[in-house]
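Working notes, structure below.
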Amino acid sequence: AQKVTQAQTEISVVEKEDVTLDCVYETRDTTYYLFWYKQPPSGELVFLIRRNSFDEQNEISGRYSWNFQKSTSSFNFTITASQVVDSAVYFCALRGAQGGSEKLVFGKGTKLTVNP
Amino acid sequence: EAGVVQSPRYKIIEKKQPVAFWCNPISGHNTLYWYRQNLGQGPELLIRYENEEAVDDSQLPKDRFSAERLKGVDSTLKIQPAELGDSAVYLCASSRTGERNEQFFGPGTRLTVL
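In the order they appear, the protein sequences are chains A and B.
Start counting the first sequence at 144; every next residue gets the next number (the working numbering).
Start counting the second sequence at 679; every next residue gets the next number (the working numbering).
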């Protein structure tokens, strides 16, 4: 069975602080895909990144960076110099590539509040 | 490019009433998904369509929920009769075919059953 754990339910930081959102996953698939989505108060899930299981290269996009470590089954997300507009619920998700595991499984989300 | 469109955005009904949600996916996206998101939880898949075929409906409570995507484009999700526990946000998403492709989500319909 596939599972995604986001142990941090809520995080509160002050603007300009760096913050890391943790994501740990479980899967028996050898090929799988990991995703991060942002859900602002408006409710719409916004796609942030996809990472393939065979590509462990870390990625940086502006203030966002992602650290994928297969050895620890983790796919952590860091926001550098956080801003108030980063306040949202962030979801990590996993999708397998083998029969029966293609559905996207989400964690419970981490609510990030960035205070001015 | 227009995003995933859903309507209505909000719906309040009394228990035992029927309710329907509509979704129009992004043009060219063959795969369409319906999710349910309970308060404080991540979305959970209800049903996935590849064109007009429901390829995964294992999580759909078939005694009261039904869905259709007759022409392989827009889709309707129905609940009849609604129960108090059905209160949630119902999200529609679409993607190009293939497990590696990211899903794009609509704004959702927030259902409240009284």
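Glycine included, every Cβ here is placed at the ideal spot set by N, Cα and C.
| Query | Result |
| --- | --- |
| Report the CB separation of Phe-197 (chain A) from Thr-174 (chain A) in whole angstroms; it is logged as a contact under 8 Å. | 7 Å |
| Considering only residues of the same chain and omitting the five flanking positions on each side of Asp-752 (chain B), which have a CB-CB separation below 8 Å? | Trp-700, Cys-701, Asn-702, Pro-703 |
| Is the beta carbon of Val-189 (chain A) closer than 8 Å to that of Tyr-180 (chain A)? | yes |
| What residues of chain A sit near Asp-734 (chain B), judged by a beta carbon separation below 7 Å? | Lys-246 |
| Candidates A:Phe-249, A:Val-156, A:Pro-184: which alpha carbon is nearest Gln-149 (chain A)'s? | A:Phe-249 |
| Using the three-state DSSP reduction, which class does Ser-773 (chain B) fall into: helix, strand or coil? | strand |
| DSSP on Leu-188 (chain A), reduced to helix/strand/coil? | coil |
| Looking at Pro-759 (chain B): is its Cβ nearer than 8 Å to the Cβ of Lys-689 (chain B)? | no |
| Would you please verify whether the beta carbon of Phe-234 (chain A) is less than 8 Å from any beta carbon of chain B? | yes |
| Please confirm whether Glu-153 (chain A) has its beta-carbon closer than 8 Å to some beta-carbon of chain B. | no |
| Between the segment 215 to 233 of chain A and chain B, which residues of the former have a C-beta closer than 8 Å to a C-beta of the latter? | none |
| Cβ closer than 9 Å: which chain B residues qualify as neighbours of Lys-251 (chain A)? | Gly-718, Gln-719, Gly-720 |
| Could you give the DSSP three-state label for Lys-213 (chain A): helix, strand or coil? | helix |
| Here's a check: name, in chain order, each residue in its chain whose Cβ is nearer than 6 Å to the Cβ of Arg-726 (chain B), leaving out the five neighbours to either side. | Tyr-711, Val-733, Asp-734 |
| Compare the C-beta of Gly-786 (chain B) against all C-beta atoms of chain A and say whether one is closer than 8 Å. | yes |
| Check each candidate in A:Ala-144, A:Val-156, A:Asn-258, A:Val-162 and name the one with the smallest Cα separation from Trp-209 (chain A). | A:Val-162 |
| To the nearest angstrom, how far is the alpha carbon of Ala-224 (chain A) from that of Phe-234 (chain A)? | 20 Å |
| For Val-767 (chain B), which residues in chain A fall below 8 Å Cβ to Cβ? | Gly-186 |
| Grab the span of the beta strand (DSSP E) containing Arg-726 (chain B) for me, first residue to last. | 722 to 728 |
| Taking all protein chains shown into account, do 16 or more other C-beta atoms lie within 10 angstroms of the C-beta of Pro-696 (chain B), making it buried, or fewer, making it exposed? | exposed |
| With which residues is Ile-203 (chain A) paired in a DSSP beta bridge? | A:Ser-208 |
| Hey, quick one: how far does the beta strand (DSSP E) through Val-156 (chain A) stretch, first residue to last? | 153 to 157 |
| Here's a check: name, in chain order, each residue in its chain whose Cβ is nearer than 7 Å to the Cβ of Leu-748 (chain B), leaving out the five neighbours to either side. | Glu-730 |
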